[in-house]
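Novice:
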Amino acid sequence: MARRTLPSRRSAGKASLRKHTPRLPALPTFRVNGVERTVPADGERSLLYVLREELGLTGTKYGCGEGECGACKVLVDGVAVRSCITPVAEVVGRSVTTIEGLADGDRLHPVQRAFADLGAFQCGYCIPGMIIAAVSLLSTTPRPTAAQVRVAMDGNICRCGGYLRILEAVHRAAATSRSSAGRSL
Ligand code: FES
121 MARRTLPSRR
131 SAGKASLRKH
141 TPRLPALPTF
151 RVNGVERTVP
161 ADGERSLLYV
171 LREELGLTGT
181 KYGCGEGECG
191 ACKVLVDGVA
201 VRSCITPVAE
211 VVGRSVTTIE
221 GLADGDRLHP
231 VQRAFADLGA
241 FQCGYCIPGM
251 IIAAVSLLST
261 TPRPTAAQVR
271 VAMDGNICRC
281 GGYLRILEAV
291 HRAAATSRSS
301 AGRSL
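Numbering follows the working numbering, with no gaps: position 5 of the sequence shown is 125.
Shown next as structure tokens:
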């Protein structure tokens, strides 16, 4: 099957982190999964392009490229953003976490663990973005209602239609995170 072409430029017309792309320093630097990375100048390249094509972090997926499907979500300072419509200039000096940066060594993040335990995936293509969206939600809302989970996951599309298990996995992750937080008190 032919490889889909990943455009290096962000799509126009979608909201992103800031309204205007700031002027870049000569060599933009930001943290990715805890490591400082410096990439070539040209702040209009999308963060997704830089992560996948320049830093080799292919866990973040290219779906629509237009901010519609959520497959490309990463955390920027802990908040889920669509990297396909985020110019790399907007993350200079900030901290980016991709799906590769969630596990603690061999120990999966509780959200990853819940998705794996419940088999909450079919083809799996959308799952990195789903997990990132769930991590972002649970970082600010450790006891989400069913409605809050639905709203948080609403911008993520699963073409296999595995939504019920995905939502169940988010609730499972919330419960296990709370119980392990309780044990560590
Ligand atoms: Fe970014 Fe679809 S690839 S939202």
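Here a beta-carbon is modelled for each residue, glycine too, at the ideal position from N, C-alpha and C.
As the structure is a prediction and not an experimental result, all values here were calculated from the model.
For Phe-235, report the span of its alpha helix (DSSP H) as first-last.
Specialist: Boundaries of the alpha helix (DSSP H) harbouring Phe-235: 230-238, taken from the DSSP string.
Novice: Compare the beta carbon distance of Leu-222 and Arg-285 with 9 angstroms and say whether it is the shorter of the two.
Specialist: Taking 9 angstroms as the cut-off, the Cβ atoms of Leu-222 and Arg-285 do not count as close.
Novice: By the three-class DSSP mapping on this structure, what secondary structure does Glu-173 have?
Specialist: helix
Novice: Ligand 1 heavy atoms versus the CB of Cys-189: any closer than 8 angstroms?
Specialist: yes
Novice: Near Cys-280, what residues of its chain come up, given a Cβ to Cβ distance below 6 angstroms and the 5 sequence neighbours on each side ignored?
Specialist: So the list reads Gln-242 and Cys-243, once near-sequence residues are dropped.
Novice: Tell me which residue opens and which closes the beta strand (DSSP E) that Leu-195 is part of.
Specialist: DSSP places Leu-195 inside the beta strand (DSSP E), whose first and last residues are 193-196.
Novice: For Leu-258, count neighbouring C-beta atoms within 10 Å of its own C-beta (all shown protein chains included) and say buried if the count is 16 or more, exposed if not.
Specialist: buried
Novice: Hey, could you find the ends of the beta strand (DSSP E) Ser-215 is sitting in?
Specialist: 215-217
Novice: For Ala-266, does the count of other Cβ atoms within 10 angstroms reach 16, so buried, or fall short, so exposed?
Specialist: With fewer than 16 other Cβ atoms within 10 Å, it is exposed.
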